[in-house]
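Q: This is the structure I have questions about; it appears just below.
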Amino acid sequence: HKGTLGLSPLPLDKMRAQTPQTHSPMASVASSPSAPTPPPRGKEAAEADQWMLFNDFCVTPTSSRETRRMYGKHKAPCLVFYQRVDLPSPPALPTSQITAAMYQQLTPDPRSLNLPPPHTFTPLDMQTEAPYPGMLLAIDCEFVSYAPAEKEIYEDGTEVETRAALLGLGRVSVVRGDDGAREGECLIDDYVRTVEPVYDYLTRFSGLVMGDLDPGSSKHHLTSLKHAYLKLRYLADVGCKFVGHGLKKDFRMANIVIPVSNIIDTVEIYHFKRQRKLSLRFLASYLLGMDIQSNTHNSIEDAVVALRLYKKYLALEKAGTFQETLLEIYRYGKKHNWEIQQQ
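When we follow the numbering used here, the leftmost residue of the sequence shown carries the number -19, and every step to the right adds one.
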C-alpha cells in the first residue's frame, strides 16, 4: 500500500516524531494478533484494493482486513517506507564489437572440419543469408549437470533442497525460421566443450551422452562456451527474433540477455493465466500430430517444433480461432490428465 493505511509516505525521522511508539499501527497490530477484524468500511473499503500481498514471487491484491490477521506466528508485521526518486535514463548500449567477419569465422562449414556424416547444420551464407533486424530464428538449448542438488532431511522426515544442481550449457541449436525453402534448416549446432568433469549428462532430457563433449572422443562440432555465446550475441545485436519453448532458462544458461521484443516464447503463447504451462511434447502431439521426446530430447527437433507451433499460432490468429483452440487444448488436457494420446 502507499505508505501505511491512514498514513502518508514520510521520511522515517518525521514518522517517528509524529507517531508515538505505543500508538503506532504496528504496535496495535502486534498487540492483538487474534482479535476479530470487522469488514472494511468507509475509507478503508475504498482503499482495500490498494493493498498487495507479497509471497515470494507471487504478488496478489488483498484487503486491508487481511493485513491485520497474523495467523499465529505465520505472518510478521513490518512497515516499509519509500519515496519516489526520478533516475536518469540509462545510457545507450555500446556498439557491438562482434563483426560479420568474426561471426563467419566462428561458424565454419562442417565439411571443412572433417566431421563424420550426417552433418547436422549448414552455416548461414553471408552473401545471400546475412542476418538482418527481424530475421526469424528458432533456438533450443540442452544442459548437463556439473554437481548434484544438495538436500537436507529435517527431524520430521521432510526432505528439502538446500542448493540446486549446478547446470551448464551442453548444446545449443539454432534453425532458420523465415518462410522459404530452407525454413527449419539448422544453421548452428554447437556442442559446448566441458571445462570440468560432468556429473550427469541428463541424457533423458538432453540427449547428450558420455563423450559428446569430450574433445578426444566427440563426433560433433565442439566449441567453447565463449564462442557459442559470441555467435548468439552477434545474432542478437543484429536484431534477430528468437522463437523457442521456455527460453528464459536457455538464455540464462547461455549467459545472454535478449530484448523482450525479440523473444517469441511458445510456452507463453499457449498459456492461460493462472493455468499450468504446457509442455512442448503435449502441444506437438495435439496441434501438430507429432510424437517427440518419447525416448530422449534433440535440440534441433525441439527448435523446429517450437517454430512450427509459432507458425500454427499465426495461422490460428489469422483465422480468429486461437482462443477457442487454446481453450479446447486445456479441456482436452484436463480430460486426459495431460497424457499424450497415441494417434
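Where is the CB? At the ideal position from N, CA and C, for every residue including glycine.
Any chance the region 177 to 186 sits against the region 129 to 136, with 3 or more Cβ pairs inside 8 Å?
A: Counting Cβ pairs under 8 Å, fewer than three are found: no touch.
Q: With respect to the alpha helix (DSSP H) encompassing Y310, which residues constitute its N-terminal and C-terminal limits?
A: It spans 302 to 315 - the alpha helix (DSSP H) in which Y310 sits, taken as one unbroken run.
Q: Q273: buried (16+ other C-beta within 10 angstroms of its C-beta) or exposed?
A: Buried.
Q: For L267 and L296, what's the separation of their Cα atoms in angstroms?
A: Distance between the alpha carbons of L267 and L296 is about 11 Å.
Q: Take the Cβ of G(-14) as the centre, count every other Cβ of all protein chains shown within 10 Å, and call the residue buried at 16 or more, exposed below.
A: Because the pLDDT at G(-14) is just 42, under 50, the model does not fix this residue reliably, and the value given afterwards should be weighed accordingly. G(-14) should be labelled exposed.
Q: Per DSSP, which one or two residues make a beta bridge with R155?
A: The sequence shown places Val at residue 155, not Arg. Paired residues: A118, C166.
Q: If you reduce the DSSP assignment to three classes, tell me which class N275 lands in.
A: Three-state DSSP puts N275 in coil, outside helix and strand.
Q: Residue range of the alpha helix (DSSP H) that V247 falls in?
A: Here the alpha helix (DSSP H) through V247 covers 246 to 249.
Q: For W318, count the other beta carbons within 10 Å of its own beta carbon; 16 or more makes it buried, fewer makes it exposed. Which is it?
A: Exposed, by the Cβ-count rule.
Q: When the Cα atoms are used, what is the spatial distance from Y263 to L289?
A: Position check: residue 263 holds Leu in this sequence, whereas Tyr was assumed. Whole-angstrom Cα-Cα distance: 8 Å.
Q: Which residue wins for smallest C-alpha separation from E281, given the options K292, M82, H225, L93?
A: For the residues K292, M82, H225, L93, the minimum Cα distance to E281 belongs to H225.
Q: In angstroms with no decimal places, state the Cα-to-Cα distance between V39 and Q303.
A: Cα-Cα distance, rounded: 26 Å.
Q: Mark T138 as exposed unless 16 or more other C-beta atoms lie within 10 angstroms of its C-beta, in which case mark it buried.
A: By the 10 Å Cβ count, T138 comes out exposed.
Q: Who are the near neighbours of D158 in its chain, counting only those whose CB is closer than 7 Å to its CB and skipping five residues on each side?
A: Only M115, L116 meet the Cβ criterion.
Q: Work out the CA separation of G196 and R180 for me, nearest whole Å.
A: It should be pointed out that residue 180 corresponds to Asp in this sequence rather than to Arg. In a straight line, the C-alpha of D180 is about 19 Å away from that of G196.
Q: Could you give the residue range of the beta strand (DSSP E) that holds L33?
A: Residues 31 to 35.
Q: Tell me V140's beta-bridge partners as DSSP assigns them.
A: E132.
Q: Using a Cβ-Cβ cutoff of less than 7 Å, which residues in the same chain neighbour R261 once the five nearest sequence positions on both sides are dropped?
A: Within the same chain, R261 has close Cβ partners I272, Q273, I320.
Q: To the nearest angstrom, report how far apart L287 and V175 are at their CA atoms.
A: The straight-line gap from Cα to Cα measures roughly 32 Å.
Q: Spatial neighbours of E46 within its chain, please: CB distance less than 8 Å, with the 5 preceding and 5 following residues excluded, ordered by chain position.
A: So the list reads W31, L33, once near-sequence residues are dropped.
Q: In terms of residues, what are the limits of the beta strand (DSSP E) holding V223?
A: Where V223 is concerned, the enclosing beta strand (DSSP E) stretches over 221 to 224.
Q: When the distance is taken between beta carbons, is P90 closer than 8 Å to H201?
A: Yes, these two residues count as a Cβ contact at 8 Å.
Q: What's the gap between the Cα of M190 and the Cα of G150?
A: Taking the straight line from one Cα to the other gives about 11 Å.
Q: Considering only their Cβ atoms, is the gap separating S279 from D120 smaller than 8 Å?
A: Yes; because the gap between Cβ atoms is below 8 Å, this pair is in contact.
Q: Report yes if the C-beta distance between I238 and F222 is below 8 Å; otherwise report no.
A: Cβ distance < 8 Å, so I238 and F222 count as in contact.
Q: Tell me the rounded alpha-carbon separation between K211 and R49.
A: Taking the straight line joining both Cα atoms gives about 54 Å.
Q: With distances taken Cα to Cα, identify the nearest neighbour of P128 among E141, L193, L59.
A: For the residues E141, L193, L59, the minimum Cα distance to P128 belongs to E141.
Q: What is the DSSP secondary structure of V172, reduced to helix, strand or coil?
A: V172 falls in the strand class under three-state DSSP.
Q: Quick check: the Cα distance between T108 and K291, rounded to an integer number of angstroms?
A: For T108 and K291, the distance between alpha carbons rounds to 24 Å.
Q: How about A234 and V124: do their beta carbons lie closer than 8 Å?
A: No, these two residues do not count as a Cβ contact at 8 Å.
Q: Less than 8 Å between the beta carbons of D217 and I78, yes or no?
A: Closer than 8 Å, so yes.
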